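Participant: This is the structure, below, for whatever I ask next.
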Amino acid sequence: MDNPPSDMPYIGRFAPSPSGPLHFGSLVAALGSYLDARAQGGEWYVRIEDIDPPREQPGAADEILRTLDALGLHWDGEVMWQSQRSEAYEAALDALRDELFYCTCTRADLRPFAGVYPGTCRARTQMPLDTPSAIRLRTPDSALTFLDRRLGEQSLTPTDTGGDPILRRKDGLWAYQLAVVVDDGAQGITDVVRGNDLLNTTAGQVYLQTRLGLPTPRYLHLPVVVDAEGRKLSKQNHAPAIDVTQQRPLLRAALQALGLNAPDLDASALLKWGVANWLDNITQLRSGDVPQPITEQGLAS
1 MDNPPSDMPY IGRFAPSPSG PLHFGSLVAA LGSYLDARAQ GGEWYVRIED IDPPREQPGA
61 ADEILRTLDA LGLHWDGEVM WQSQRSEAYE AALDALRDEL FYCTCTRADL RPFAGVYPGT
121 CRARTQMPLD TPSAIRLRTP DSALTFLDRR LGEQSLTPTD TGGDPILRRK DGLWAYQLAV
181 VVDDGAQGIT DVVRGNDLLN TTAGQVYLQT RLGLPTPRYL HLPVVVDAEG RKLSKQNHAP
241 AIDVTQQRPL LRAALQALGL NAPDLDASAL LKWGVANWLD NITQLRSGDV PQPITEQGLA
301 S
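In terms of the UniProt record's numbering, the sequence shown has 221 at position 221, counting the first letter as 1, and numbering is strictly consecutive.
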């Protein structure tokens, strides 16, 4: 595992899926990645993860981009669309062909294993002709170690955090794990800043990076925002869309969610203040001085 050299220019990204408009939890993740990039003089890219059409909401991708722009979170370069990246994913799959197997397991088959794939189909190296199959990558039982800038050294095994990952689904659609690794490599991403709910996907991504000869970015997993019942704010939990006409209170609340108690400034000045204070805040996050996941109640207004 090779992290980017310390003198390599910073490149970060925000990669939402267009399954609905931005909600407050996704704004916090976007703002955290934006501040981290700008505080280090880096570039900040936006990538739309539109590889799951059944879950996508018409018009959501454009609305996400309009929302980011309206809040002053301006990205660098062209937006990358994963729906246009199939050739790159095919090439990566071909490079891994000796480490892949076909899996015919249904959700019912896997339910007793609590989300950890037990290796049922590992010996199946030929695609079955009569049963739909997903393509999985064999992963080792040994631990992979990576450094998280907030949580410190993490040692996780891919099999302990979900098992052999699906790279292509039974319906032929590309899986998140493959797409995110290939695209981070293609864009030269040096730093991944995202919610703590994705921490357990990281071991599998680091393993994929090593198998594809790609560098491993630096990782920073942020506390997630939860609702009044302690659930992560998400589209699945019907988190409401943010109102972009409320720029100042939204940005102040998002900064507070990231541990930054911002002064009463206008939206543009709030972003500049956040950039100027971000790196000191990371030191506090790393030392555990900032509370863990917060609720919508208690956010700045």
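Even glycine gets a Cβ: it sits at the ideal position worked out from N, Cα and C.
Treat the numbers as computed from the prediction; the structure is a model and nothing was measured.
Under 8 Å, with one C-beta from each stretch per pair, do the region 141-151 and the region 104-112 reach the 3-pair mark?
Facilitator: no
Participant: Rank Glu63, Pro165, Phe14 by C-alpha distance to the C-alpha of Ala30 and give the top, closest one.
Facilitator: Along the sequence shown, one-based indexing puts residue 30 at 30. Per the Cα distances, Phe14.
Participant: If you reduce the DSSP assignment to three classes, tell me which class Asp164 lands in.
Facilitator: The sequence position of residue 164 within the sequence shown is 164, counting from 1. The answer is coil: DSSP assigns Asp164 none of H, G, I, E or B.
Participant: Which of the three DSSP states is assigned to Ser86 in this structure?
Facilitator: Counting from one through the sequence shown, the residue named residue 86 turns up at place 86. In the structure shown, Ser86 sits in a helix (DSSP, three-state: H, G or I).
Participant: So Arg124 is in the beta strand (DSSP E); what residue range does that whole segment cover?
Facilitator: What you label residue 124 is simply residue 124 of the sequence shown in a count that begins at 1. Note, Arg124: premise wrong, no beta strand (DSSP E); not H, not E.
Participant: Here's the rule: buried if 16 or more other CB atoms are within 10 angstroms of the residue's CB, otherwise exposed. What is Asp52?
Facilitator: On the sequence shown, position 52 is the one that residue 52 refers to. By the neighbour-count rule (16 or more Cβ atoms within 10 Å), Asp52 is buried.
Participant: Is it true that the region 243-254 meets the region 216-223, where meeting means three or more beta-carbon pairs spaced less than 8 Å apart?
Facilitator: no
Participant: Among the residues of its own chain, which have a CB less than 7 Å from the CB of Ser19, if the five just before and after it don't count?
Facilitator: Locating residue 19 in the sequence shown gives position 19, counting from the first residue. Shown here for Ser19: same chain residues with a beta carbon closer than 7 Å to its own, the five before and five after excluded, namely Arg55, Glu56, Gln57, Ala60, Lys235 in chain order.
Participant: Spell out a yes or no on whether the region 172-192 and the region 82-92 are touching, meaning 3 or more CB-CB pairs, one atom from each, closer than 8 Å.
Facilitator: By the C-beta criterion, the region 172-192 is judged to be in contact with the region 82-92, since at least 3 inter-stretch pairs fall below 8 Å.
Participant: Cβ of Val181 within 8 Å of Cβ of Leu147?
Facilitator: To locate residue 181, count along the sequence shown from 1; it is residue 181. To locate residue 147, count along the sequence shown from 1; it is residue 147. Not a contact, by the Cβ cut-off of 8 Å.
Participant: For Leu113, count neighbouring Cβ atoms within 10 angstroms of its own Cβ and tell me buried if that reaches 16, exposed if not.
Facilitator: One-based indexing of the sequence shown puts residue 113 at position 113. It should be noted that the sequence gives Phe, not Leu, for residue 113. That one is exposed.
Participant: Relative to the C-alpha of Thr157, which residue among Ala123, Asn200, Ala267, Thr125 is closest?
Facilitator: Numbered from 1 along the sequence shown, position 157 holds the residue referred to as residue 157. The shortest C-alpha separation from Thr157 is found at Asn200.
Participant: Hey, quick one: how far does the alpha helix (DSSP H) through Leu31 stretch, first residue to last?
Facilitator: As a working mapping, residue 31 is identified with position 31 in the sequence shown. Counting along the chain, the alpha helix (DSSP H) containing Leu31 begins and ends at 24-39.
Participant: Among Ala267, Thr159, Leu265, Leu258, whose alpha-carbon lies nearest the alpha-carbon of Gln284?
Facilitator: Counting from one through the sequence shown, the residue named residue 284 turns up at place 284. Selected option, being the one with the closest Cα: Leu258.
Participant: What did DSSP end up calling Lys170 once you bin it into helix, strand or coil?
Facilitator: In the sequence shown, residue 170 corresponds to position 170, counting from 1. It is coil, neither helix nor strand.
Participant: Can you name the residues that DSSP bridges to Glu43?
Facilitator: Counted from its first residue, the sequence shown places residue 43 at position 43. According to DSSP, which records beta bridges pairwise, Glu43 is partnered with Ile11.
Participant: To which residues of the same chain is Ala123 closer than 8 Å at the C-beta, ignoring the five residues directly before and after it?
Facilitator: Here the question's residue 123 lines up with position 123 in the sequence shown. Only Phe101 meet the Cβ criterion.
Participant: What residue range does the alpha helix (DSSP H) around Thr67 cover?
Facilitator: The count along the sequence shown starts at 1 and reaches residue 67 at position 67. Taken as a continuous stretch (DSSP letters only), the alpha helix (DSSP H) holding Thr67 covers 60-70.
Participant: Could you work out which residue in Ser83, Asp164, Asp227 is closest to Pro240 when comparing CA atoms only?
Facilitator: Walking along the sequence shown from the start, residue 240 turns up at place 240. Checked all of Ser83, Asp164, Asp227; the closest Cα to Pro240 is Asp227.
Participant: Answer with buried or exposed for Ala203, where buried requires no fewer than 16 other C-beta atoms within 10 angstroms of its C-beta.
Facilitator: As a working note, residue 203 is residue 203 in the sequence shown. That one is buried.
Participant: Taking DSSP as the reference, what is the three-state secondary structure of Val206?
Facilitator: As a working mapping, residue 206 is identified with position 206 in the sequence shown. Val206 falls in the helix class under three-state DSSP.
Participant: Count the other C-beta atoms from every protein chain shown that fall within 10 angstroms of the C-beta of Val79, then say buried if there are 16 or more, exposed otherwise.
Facilitator: To locate residue 79, count along the sequence shown from 1; it is residue 79. Exposed, because fewer than 16 other Cβ atoms sit within 10 Å of the Cβ of Val79.
Participant: Counting C-beta neighbours from all protein chains within 10 Å, is the total for Asn261 16 or more, i.e. buried, or is it exposed?
Facilitator: Your numbering for residue 261 matches position 261 in the sequence shown. Taking all protein chains shown into account, Asn261 has fewer than 16 neighbouring C-beta atoms within 10 Å of its C-beta and is therefore exposed.
Participant: If you draw a straight line from the alpha carbon of Gly195 to that of Leu35, how long is it in whole angstroms?
Facilitator: Here residue 195 is taken as the residue at index 195 of the sequence shown, counted from 1. Here residue 35 is taken as the residue at index 35 of the sequence shown, counted from 1. Roughly 14 Å between the two C-alpha positions.
Participant: Taking the alpha helix (DSSP H) that Leu110 falls in, what are its first and last residues?
Facilitator: On the sequence shown, position 110 is the one that residue 110 refers to. Segment 107-110, the alpha helix (DSSP H) holding Leu110.
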